[in-house]
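Below you'll find the structure, written out as structure tokens, and then a few comments.
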Amino acid sequence: MPLLLCLSSLVDWLIYWGLAMIKRTPASVPDPIYAPPAVSAQSSARDRLLASAQRLLWELGYDAMSPRMVLEDSGVGQGSLYHHFKTKKDLAHAALEGITDSLIARADEILRASERPPLQRIRDWLSVPRDALKGCRVGRLVNEQAIHDAAIGDPVGRYFVAVQAALRDALEDARQTGELRPDVDAVAVAAMLVAAVQGGYVLARGSGDPVALQAALKGAWQLLEGLAGEKYQKQG
Numbered sequence: 078m079p080l081l082l083c084l085s086s087l088v089d090w091l092i093y094w095g096l097a098m099i100k101r102t103p104a105s106v107p108d109p110i111y112a113p114p115a116v117s118a119q120s121s122a123r124d125r126l127l128a129s130a131q132r133l134l135w136e137l138g139y140d141a142m143s144p145r146m147v148l149e150d151s152g153v154g155q156g157s158l159y160h161h162f163k164t165k166k167d168l169a170h171a172a173l174e175g176i177t178d179s180l181i182a183r184a185d186e187i188l189r190a191s192e193r194p195p196l197q198r199i200r201d202w203l204s205v206p207r208d209a210l211k212g213c214r215v216g217r218l219v220n221e222q223a224i225h226d227a228a229i230g231d232p233v234g235r236y237f238v239a240v241q242a243a244l245r246d247a248l249e250d251a252r253q254t255g256e257l258r259p260d261v262d263a264v265a266v267a268a269m270l271v272a273a274v275q276g277g278y279v280l281a282r283g284s285g286d287p288v289a290l291q292a293a294l295k296g297a298w299q300l301l302e303g304l305a306g307e308k309y310q311k312q313g
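Numbering (the working numbering), first residue to last: 78 to 313.
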């Protein structure tokens, strides 16, 4: 048993440090908006644990992330980890709730900015800098077995529901103001836009080419322009 524990620790260490080297390489597309929060030595142990868990969930996913990696990344002692979070699942749930809250707030800030024309809000959201090769901080977890556990699945589901709702409302505003045709199905188009972003991440990661995400987003915008109403066409 001690030998197995040593081997397990060695594997964790190798995975962690290998990914740490990747992490220190600048992303091909800057992602300042969706990056995990910055922490310092003065931050509380809980905040440092959460920031490390958020970063490792993005880079590794839930299944591959281990408590040992979180401790190494955060510099927090094991006692503090289990004081704040009884299990790995508890830590991941809290980290995901924080990620979801921040991403929803950012989407709402862009898509519900009533001082801007509705279609411009949607274009602004599509144009947000995203790290194509790392993938969505939330969406990349949907392919893991853990997604079927409410602790992981609920925050992920909440994110998609909220973003689609914000897009739907912006599309409804566009329809009512004449920027989109009156027959546009706002619910369906909102789902298409989210699918374009998530599918673009998949294409980029699968091909190793960040341009694939930009192509997907450009295509989504062109499809949306094809649904434009008279008001938007006159503006164009």
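Every residue, glycine too, gets a C-beta built ideally from N, C-alpha and C.
Close Cβ partners of residue i (< 8 Å) along its chain, the five nearest in sequence each way excluded
i, result
"Gly296", "Ala273"
"Ala268", "Gln241"
"Leu134", "Met142, Ala169, Ala172, Leu173, Ile176, Arg214, Leu218"
"Asp185", "Ala239, Ala243"
"Leu300", "Met269"
"Ile224", "Leu218, Gly230, Val233"
"Ser120", "Ala128"
Reference residue i; option with closest CA among the options
i, options, result
"Ala228", "Gly283, Ala289, Leu168", "Leu168"
"Ser204", "Gly306, Ala115, Gln291, Leu300", "Gln291"
"Val147", "Ala184, Glu221, Ala128", "Ala128"
"Asp250", "Ala293, Ala305, Gly175", "Ala305"
"Pro259", "Gln197, His161, Glu307", "Glu307"
"His161", "Ala190, Ser191, Ala130", "Ala130"
"Arg207", "Asp226, Arg183, Arg193, Glu192", "Arg183"
Identified DSSP bridge partners for residue i
i, result
"Leu257", "Ala305"
Cβ neighbours of residue i in the same chain (closer than 7 Å, five flanking residues each side left out)
i, result
"Pro144", "Leu158, Lys165"
"Ala281", "Ala209, Leu210, Pro287, Ala289, Leu290"
"Val116", "Asp124, Arg125, Ala128"
"Ala293", "Ala273, Gly276, Gly277, Leu280"
"Ala263", "Arg245, Leu248, Glu249, Arg252"
"Gln155", "Leu148"
"Glu221", "Gly138, Tyr139, Asp140"
"Glu302", "none"
Inter-residue CB distance, residue i and residue j (contact presumed, cutoff 8 Å)
i, j, result
"Gln275", "Cys213", "6 Å"
"Tyr236", "Thr177", "5 Å"
"Trp202", "Ile181", "Wrong, their Cβ atoms sit about 12 Å apart, outside the cutoff."
"Arg125", "Gly152", "7 Å"
"Glu256", "Pro195", "6 Å"
"Arg198", "Ala190", "6 Å"
Beta-carbon contacts of residue i that lie in its chain and below 6 Å, excluding the five residues immediately before and after
i, result
"Val261", "Arg252, Leu304"
"Val266", "Leu248"
"Leu270", "Leu244, Ala297"
"Ala21", "Summary: the structure shown does not reach residue 21, with the chain confined to residues 78 through 313, and so no result is reported for it."
"Gly216", "Gln275"
Chain B within 8 Å of residue i, Cβ atoms only
i, result
"Gln241", "No chain B is present in this structure, which holds just one protein chain."
Next on the checklist: Restricting to runs no shorter than 4 residues, where is the alpha helix (DSSP H) found entirely within the region 138 to 179?
Outcome noted: 144 to 151, 155 to 161
Checklist entry - Where are the alpha helix (DSSP H) runs, 4 residues long or more, that stay fully inside the region 218 to 301, in chain order? => result 227 to 253, 263 to 284
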